[in-house]
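Novice: Residue numbers (the UniProt record's numbering): 1 to 252. We put the beta carbon where it would ideally sit given N, CA and C, even for glycine. No experiment lies behind these values; they were computed from the predicted model shown.
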C-alpha cells in the first residue's frame, strides 16, 4: 500500500513500508526508476517471507512522488532518502542502492553513518553526473547545456533523459570518489560484467577508493545493468541475509 510523507524541504514522497523484526532494509532506486521496479518488488516479497522490516520509496520526480524529474538534483534526492530513513525506520538500516541509489546510499553512509548498519550497491553509479554525462559532452555540447539549461541524452530504457545543468552542478557538490569514503560496516558491491551503463572499472574504482574492514566486490559474468534475472535477485537476497547475519551480534 502506498503512503506519503512530506520531507523537511516540503517535497511529497511516496513510500511502501513493511513491518517486521530485527534490523530493517531500505531500497534506493536508480535514475528514472521507482519503487515498482523488479528488484524493489522482489525485495518486498523477500521481506514478507522473512519477516524483515523493509522500506522502498520514490525520490521526488520519480514514480508517484511529487515534483518533476527535470527539476531534481542529487542533493534533493539525497535529502529525500535521508528524510525517508529518518522518519520511517528505527535504528541503523541495511541500505540497498541500485545504480543512482548506490550513490545516494554512499552519501547517506558518508554523511550519516549512524543511520547505516550495512550497505549493498547494485551496479552502483557514484559520481555519474560528472564521470558519465558531463564527461560524454564535447566543448560545444557543454556550452549548449550551459546556455539552454539541459541536454537530452539517449537512453537504453525508452525516451531520452533530460539532464539539467543544475543536476550536473549540484552533483559536483556530492561526489564521493574524490574525497575519503569510510564504510565502517559490512559493505558489498554487486556488479555485472555485461553492464553497458556502469562499467566494471567504476565498481573497481569504488572498491579501491572506499575504506573499511569488511568490503567485498562481486562481479557476475554476463549480468547487465538491470541485474534483475532470477539468479541476480537471489544473489541480492543472499547478500542482504549475509550482512544481516554479520550485524546481528552487535545490533540485535
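Among 205, 177, 155, 146, whose alpha-carbon lies nearest the alpha-carbon of residue 164?
Specialist: Residue 164 has its Cα closest to that of 146, out of 205, 177, 155, 146.
Novice: Can you tell me whether residue 8 is buried or exposed, with buried defined as 16 or more other CB within 10 angstroms of its CB?
Specialist: Answer is exposed; the Cβ neighbour count stays below 16.
Novice: Is residue 42 closer than 8 Å to residue 25 when the C-beta atoms are compared?
Specialist: No, the pair does not count as a contact, with Cβ atoms beyond the cut-off.
Novice: Based on the DSSP secondary-structure assignment, which residues constitute the bridge partners of residue 12?
Specialist: Bridge partners of residue 12: 6.
Novice: Which of the three DSSP states is assigned to residue 301 in this structure?
Specialist: This structure does not reach residue 301, given that the chain is present from 1 up to 252, and the question cannot be answered.
Novice: Should residue 189 go down as buried or exposed, given a rule of 16 or more other Cβ atoms within 10 Å for buried?
Specialist: Under this definition residue 189 is a buried residue.
Novice: Within the same chain, show all residues whose beta-carbon is closer than 7 Å to that of residue 153, passing over the 5 residues directly before and after it, in chain order.
Specialist: Here the set comprises 133, 160, 161, 163.
Novice: Suppose contacts are defined by Cβ-Cβ distances below 8 Å. Is residue 108 in contact with residue 85 by that definition?
Specialist: It is a contact, given that the beta carbons lie within the stated cut-off.
Novice: In angstroms with no decimal places, state the Cα-to-Cα distance between residue 87 and residue 138.
Specialist: Approximately 42 Å, taken between the alpha carbons.
Novice: Below 8 Å on the Cβ atoms is my contact criterion, and I expect residue 227 with residue 116 to pass it. Report the Cβ-Cβ distance as a whole number of Å.
Specialist: At roughly 21 Å, the Cβ-Cβ gap does not stay under 8 Å, so residue 227 and residue 116 are not in contact.
Novice: Helix, strand or coil: how does DSSP classify residue 157 here?
Specialist: Correct three-state label for residue 157: coil.
Novice: From the DSSP output, read off the bridge partner residues of residue 192.
Specialist: For residue 192, which the question treats as bridged, DSSP gives the partners 220.
Novice: Is the stretch 230-248 touching the stretch 194-206, taking contact as three or more C-beta pairs under 8 Å?
Specialist: Counting Cβ pairs under 8 Å, fewer than three are found: no touch.
Novice: In terms of residues, what are the limits of the beta strand (DSSP E) holding residue 253?
Specialist: Because the chain is modelled from 1 through 252, residue 253 falls outside the range shown and cannot be assessed.
Novice: Have a look at 16, 15, 13, 39 and flag the residue whose alpha-carbon is nearest the alpha-carbon of residue 230.
Specialist: Here the closest residue by C-alpha is 39.
Novice: Cβ of residue 183 within 8 Å of Cβ of residue 140?
Specialist: Cβ distance not < 8 Å, so residue 183 and residue 140 don't count as in contact.
Novice: Tell me whether residue 254 sits in a helix, a strand or coil according to DSSP, three-state version.
Specialist: Outside the shown range of the chain, which is 1 to 252, sits residue 254, and nothing can be said about it.
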